[in-house]
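In what follows, a structure is listed as structure tokens, so that the remarks can point back to it.
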Amino acid sequence: MWEAAMFAAKYKLGQLVGIIDRNNIQISGSTEEVMPIENLRDKWESFGWHVQEIDGHNIESIIEAASMARAITNRPSVIIAHTIPGRGVDFMEYDYRWHGMAPNHEQATSALEKLQTFDGRRESVHAG
Numbered sequence: 015m016w017e018a019a020m021f022a023a024k025y026k027l028g029q030l031v032g033i034i035d036r037n038n039i040q041i042s043g044s045t046e047e048v049m050p051i052e053n054l055r056d057k058w059e060s061f062g063w064h065v066q067e068i069d070g071h072n073i074e075s076i077i078e079a080a081s082m083a084r085a086i087t088n089r090p091s092v093i094i095a096h097t098i099p100g101r102g103v104d105f106m107e108y109d110y111r112w113h114g115m116a117p118n119h120e121q122a123t124s125a126l127e128k129l130q131t132f133d134g135r136r137e138s139v140h141a142g
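Those letters in the sequence shown? Residues 15 to 142, per the working numbering, in order.
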């Protein structure tokens, strides 16, 4: 991974944009407990990348960051999207166990009831 990051910066791959879902969890716990990875911004900047940090739940922020990244032509860009795992589903939020576990039918139904689609409907086209 890091060799690829260095390669991209060395060869000024300005059309390359990476997005990191920075949700602070891994399959077996929080990143701070399992494998601390901070400071991500400093790491990417040290490899010569253009770095942006955004609220990964805010679609306007995502669009703006992507536009800015496209405008950077002399080096690669990375967007660190800070997110809350399971956001919007109270029994899933911040719970690392859901990082690698599928909900059963009852849990899936409950989760879908708690979420809304972008147009405000309370139904999912995926709900059974």
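Note that beta-carbon positions come from the ideal geometry of N, C-alpha and C, so glycine has one too.
No experiment lies behind these values; they were computed from the predicted model shown.
*Closer than 7 Å by C-beta to A23: which residues in its own chain qualify, once you throw out the five before and the five after it? Chain order, please.*
F61, G62, W63, R89 and P90
*How many Å lie between K26 and D69 at the Cα?*
27 Å
*How many Å lie between M82 and Q29 at the Cα?*
11 Å
*Between which two residues does the beta strand (DSSP E) containing H64 stretch?*
H64 to D69
*asked:* Rounded to whole angstroms, what is the Cα-Cα separation between N53 and I77?
replied: 24 Å
*Boundaries of the alpha helix (DSSP H) in which D56 is found, first to last residue*: L54 to S60
*asked:* Taking its Cβ as the centre, do 16 or more other Cβ atoms sit within 10 Å of H140, making it buried, or is it exposed?
replied: The predicted model places H140 with a pLDDT of 46, which falls under 50 and marks its position as unreliable, so this point remains unresolved.
*Between the C-alpha atoms of R84 and G43, what's the straight-line distance to the nearest angstrom?*
34 Å
*asked:* I'd like the ranges of any alpha helix (DSSP H) spanning at least 4 consecutive residues and lying wholly in the segment 21–58.
replied: 45–48
*What residue does the alpha helix (DSSP H) around H119 start on, and which one ends it?*
H119 to K128
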